[in-house]
Amino acid sequence: METRELTVVAGSFVGFQLMFSVASPLLSAVITPSYGSLPTTKLTEWNSRLVSTVHALIVGLFCLYILWFDDDVNADPVWGDPSLVKLNVAITCGYLLYDLVLLARNWSTMGDSFFVCHHLAALYAYGYVLTRGVLPYFANFRLISELSTPFVNQRWFFETLKYPRSDRLVCANGVAMAVVFFVVRIVVMPPYWRSVFATFGTPAFERLGLAAQVAWITSCIALDVLNTVWMYKIARGCYKVIKGAGQKAKAEDARTDKQNSVKNHTD
Numbered sequence: 059m060e061t062r063e064l065t066v067v068a069g070s071f072v073g074f075q076l077m078f079s080v081a082s083p084l085l086s087a088v089i090t091p092s093y094g095s096l097p098t099t100k101l102t103e104w105n106s107r108l109v110s111t112v113h114a115l116i117v118g119l120f121c122l123y124i125l126w127f128d129d130d131v132n133a134d135p136v137w138g139d140p141s142l143v144k145l146n147v148a149i150t151c152g153y154l155l156y157d158l159v160l161l162a163r164n165w166s167t168m169g170d171s172f173f174v175c176h177h178l179a180a181l182y183a184y185g186y187v188l189t190r191g192v193l194p195y196f197a198n199f200r201l202i203s204e205l206s207t208p209f210v211n212q213r214w215f216f217e218t219l220k221y222p223r224s225d226r227l228v229c230a231n232g233v234a235m236a237v238v239f240f241v242v243r244i245v246v247m248p249p250y251w252r253s254v255f256a257t258f259g260t261p262a263f264e265r266l267g268l269a270a271q272v273a274w275i276t277s278c279i280a281l282d283v284l285n286t287v288w289m290y291k292i293a294r295g296c297y298k299v300i301k302g303a304g305q306k307a308k309a310e311d312a313r314t315d316k317q318n319s320v321k322n323h324t325d
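Written out as structure tokens, the structure is:
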């Protein structure tokens with residue numbers, strides 16, 4: 059790993075830690091007055107999710123830029139110039155290390171084995187990108203999934219602030235979360251794996267060596283299994299929110315009809 063990548067990983071780790079400890083509490087207290095009344099455990103997760111949203115926006119938008127404008131990576135997905143991709147991956151690795159430390163320190167309240175598995179699988183695969191500069195297109199493509207994270211975090215913010223599930227903002231975010239998650243994590247699976255299979259047997263694929271090949275394929279399988287499990291949970295939650303909103307609307311309509319009927323009878 060080159061000095062630049064090590065510096066970015068370390069800077070990302072420190073930067074996200076400072077954002078968690080300093081920037082998030084200050085900003086949240088100004089934007090959301092009820093932030094200060096939250097219990098300690100909620101404050102910790104609030105700050106964690108705000109940092110997660112910032113990371114997702116930085117990395118996700120940078121990922122789209124690379125996907126659209128980095129011709130070298132798109133022309134050679136296995137051995138193309140990885141400069142920009144390594145920078146993006148280094149930011150993500152710093153964030154993943156920060157988040158693993160945060161989870162370890164608050165395991166009793168925030169511990170989640172799925173997240174640990176996700177982070178370790180991602181770090182395992184991204185390590186090859188940073189040390190050998192291989193698979194830049196595929197590493198960058200994987201980071202598209204971060205674009206769904208802000209919606210997932212926003213759902214938690216709404217729940218913490220005790221917004222009713224029937225609230226229009228909650229419903230809109232729930233639907234947007236399900237749609238975006240499905241698009242950037244599930245819909246992309248077939249084209250992603252089609253690109254993977256297209257490299258099999260090529261000289262570029264053989265140059266990777268067995269260790270990199272195994273790291274690439276196994277980590278992708280693990281991430282896709284986790285994404286499928288999360289998609290199922292999100293779809294169930296979205297269905298409940300939409301169903302609850304529909305039932306409330308029907309109940310309100312029935313109540314209105316009843317009131318109108320009483321009024322007409324009285325008249």
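Under our numbering, residues 59 to 325 are what the sequence shown spells out, in order. By construction, the Cβ of each residue, glycine as well, lies at the ideal position given by its N, Cα and C atoms.
| Query | Result |
| --- | --- |
| Quick one, are the C-beta atoms of F209 and M235 less than 9 Å apart? | yes |
| N211 by DSSP, collapsed to three states: which one? | helix |
| Can you tell me whether DSSP reads G152 as helix, strand or coil? | helix |
| Per DSSP, what kind of secondary structure is W137 in: helix, strand or coil? | coil |
| Alpha carbon to alpha carbon, how far is N211 from Q271? Give it in angstroms, no decimals. | 33 Å |
| Could you check if L84 is buried or exposed, using at least 16 other CB atoms within 10 Å of its CB as the buried criterion? | exposed |
| Contact defined as beta carbons within less than 8 Å: I believe V109 pairs with K144. What is the distance between those atoms, to the nearest angstrom? | In fact, because the Cβ distance is near 22 Å, the residues do not count as touching under 8 Å. |
| Any contact of the segment 166-183 with the segment 272-283, i.e. 3+ C-beta pairs under 8 Å? | yes |
| To the nearest angstrom, how far is it from the Cα of V320 to the Cα of F216? | Because the pLDDT of V320 is 47, which lies under 50, any placement of that residue in the model is unreliable, and the question is left without a value. |
| Does the pairing of the segment 275-295 with the segment 162-181 give three or more beta-carbon distances under 8 Å? | yes |
| Would you mind listing the alpha helix (DSSP H) stretches within the segment 143-202 that are 4+ residues and don't spill past its ends, in chain order? | 165-168, 171-190 and 194-200 |
| Going by DSSP in three states, V246 sits in which element: helix, strand or coil? | coil |
| Quick check: the segment 141-159 against the segment 229-245, are there 3 or more CB pairs under 8 Å? | no |
| Starting from Y93, trace the alpha helix (DSSP H) both ways and give me its first and last residue. | Premise fails: Y93 is in no alpha helix (DSSP H) and is neither H nor E. |
| Check for me: the alpha helix (DSSP H) holding K100 runs from which residue to which? | T98 to F127 |
| I'd like the span of the alpha helix (DSSP H) that includes R226, first residue to last. | R226 to F239 |
| Can you tell which of L76, R190 and V241 has its C-alpha closest to the C-alpha of S206? | V241 |
| Distance, Cα to Cα, D225 vs S92? | 18 Å |
| Could you compute how far the alpha carbon of G69 sits from the alpha carbon of G152? | 7 Å |
| Hey, F255 and L160: beta-carbon distance below 9 Å or not? | no |
| For A179 and A280, which I take to be in contact (beta-carbon distance under 8 Å), what is that distance rounded to the nearest angstrom? | 4 Å |
| Restricting to Cα atoms, I'd like to know which of F199, F71 and T65 is closest to D128. | F199 |
| For V136 versus Y221, is the C-beta distance shorter than 9 Å? | no |
| Cβ of Y297 within 9 Å of Cβ of C278? | no |
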